[in-house]
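Since the structure comes first, as structure tokens, the remarks are kept for the end.
Numbering (our numbering), first residue to last: 3 to 227.
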């Protein structure tokens with residue numbers, strides 16, 4: 003899956019990362035996806051973070067600038083430019099590990115049962131394939147959590163949510179280029195892949211964004227078909 007995964011991350015160069023916060027978190031969130039970064043996404047990130055945290059798909063590290071100093075944070079991304087940008091953003095004092103890894107592959111065993119919380123913000127809609135193809139990503143993440151650990155994040159939903167003209171244009175361009183793969187992503191199939199790996203799942207929709215939270219991982223989530 004490595005080569006396909008690269009399609010979703012190759013857009014994140016040092017140059018585009020400098021524009022990411024403005025274009026994605028301000029313009030696109032406000033006018034295309036109708037979900038305020040400040041009102042919904044930042045609180046969702048902060049309120050579910052625990053003391054030993056793994057951020058997967060780190061972007062620019064925008065959300066990390068809001069974390070309490072008491073949190074120990076590890077970063078995971080396939081893109082080294084994103085890892086570097088996020089590390090700088092968060093400050094070295096909070097970052098205990100920076101891990102280059104393809105989320106379609108199992109996590110290294112030393113990361114299993116290690117983290118109290120794990121975030122995936124704007125990762126799932128960038129991954130290749132249909133939602134069910136991304137179930138393995140959720141199972142791998144669940145394996146890294148403690149029994150009481152929490153997986154949470156946000157993802158842009160597909161065509162069923164009736165995007166406005168701006169949103170439809172972005173969806174068309176991004177899906178054609180392989181930046182997104184989310185045409186058929188729905189709340190229902192998101193809930194399905196989360197429920198395969200966790201006993202408790204909560205999803206709320208703000209604008210065109212699904213904010214999700216999953217807790218109490220199932221035994222041996224890696225073994226679920």
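No residue lacks a Cβ here, since even glycine has one placed at the ideal position from N, Cα and C.
Please read these numbers as outputs of a predicted model, since none were measured by experiment.
Closest Cα partner of residue i within the set the options
i: residue 58; options: 144, 170, 38, 173; result: 144
i: residue 209; options: 182, 198, 158, 150; result: 158
i: residue 61; options: 97, 77, 154; result: 77
i: residue 139; options: 25, 105, 201, 27; result: 105
i: residue 205; options: 219, 220, 189; result: 189
i: residue 148; options: 218, 45, 85, 33; result: 218
i: residue 23; options: 65, 184, 45; result: 65
Residue i - DSSP class collapsed to helix/strand/coil
i: residue 127; result: helix
i: residue 2; result: Nothing about residue 2 can be reported from this structure: the residues present for the chain run from 3 to 227 only.
i: residue 56; result: strand
i: residue 39; result: helix
i: residue 3; result: Because residue 3 sits at a pLDDT of 45, beneath the cut-off of 50, its placement in the model cannot be relied upon, and the following sentence gives the value as read from the coordinates. In the structure shown, residue 3 sits in coil (DSSP, three-state: anything other than H, G, I, E or B).
i: residue 68; result: helix
i: residue 106; result: coil
i: residue 150; result: strand
Residues bridged to residue i (per DSSP)
i: residue 155; result: 122, 214
i: residue 99; result: 76
i: residue 203; result: 216
i: residue 47; result: In DSSP, residue 47 forms no bridge with anything.
i: residue 117; result: 147
i: residue 208; result: 211
Beta-carbon proximity of residue i to residue j, cut-off 9 Å
i: residue 207; j: residue 216; result: no
i: residue 79; j: residue 126; result: no
i: residue 214; j: residue 156; result: yes
i: residue 47; j: residue 121; result: yes
i: residue 192; j: residue 133; result: yes
i: residue 160; j: residue 36; result: no
i: residue 119; j: residue 93; result: no
i: residue 54; j: residue 74; result: yes
i: residue 136; j: residue 69; result: no
i: residue 91; j: residue 67; result: yes
i: residue 177; j: residue 166; result: no
Cβ-based neighbour list, residue i, same chain, cut-off 6 Å, excluding 5 preceding and 5 following
i: residue 110; result: none
i: residue 163; result: 210
Beta-carbon proximity list for residue i, same chain, < 8 Å, skipping 5 on both sides
i: residue 99; result: 76, 77
Residues near residue i by beta carbon distance below 7 Å, same chain, minus five either side
i: residue 146; result: 56, 109, 113, 114, 116, 117, 120
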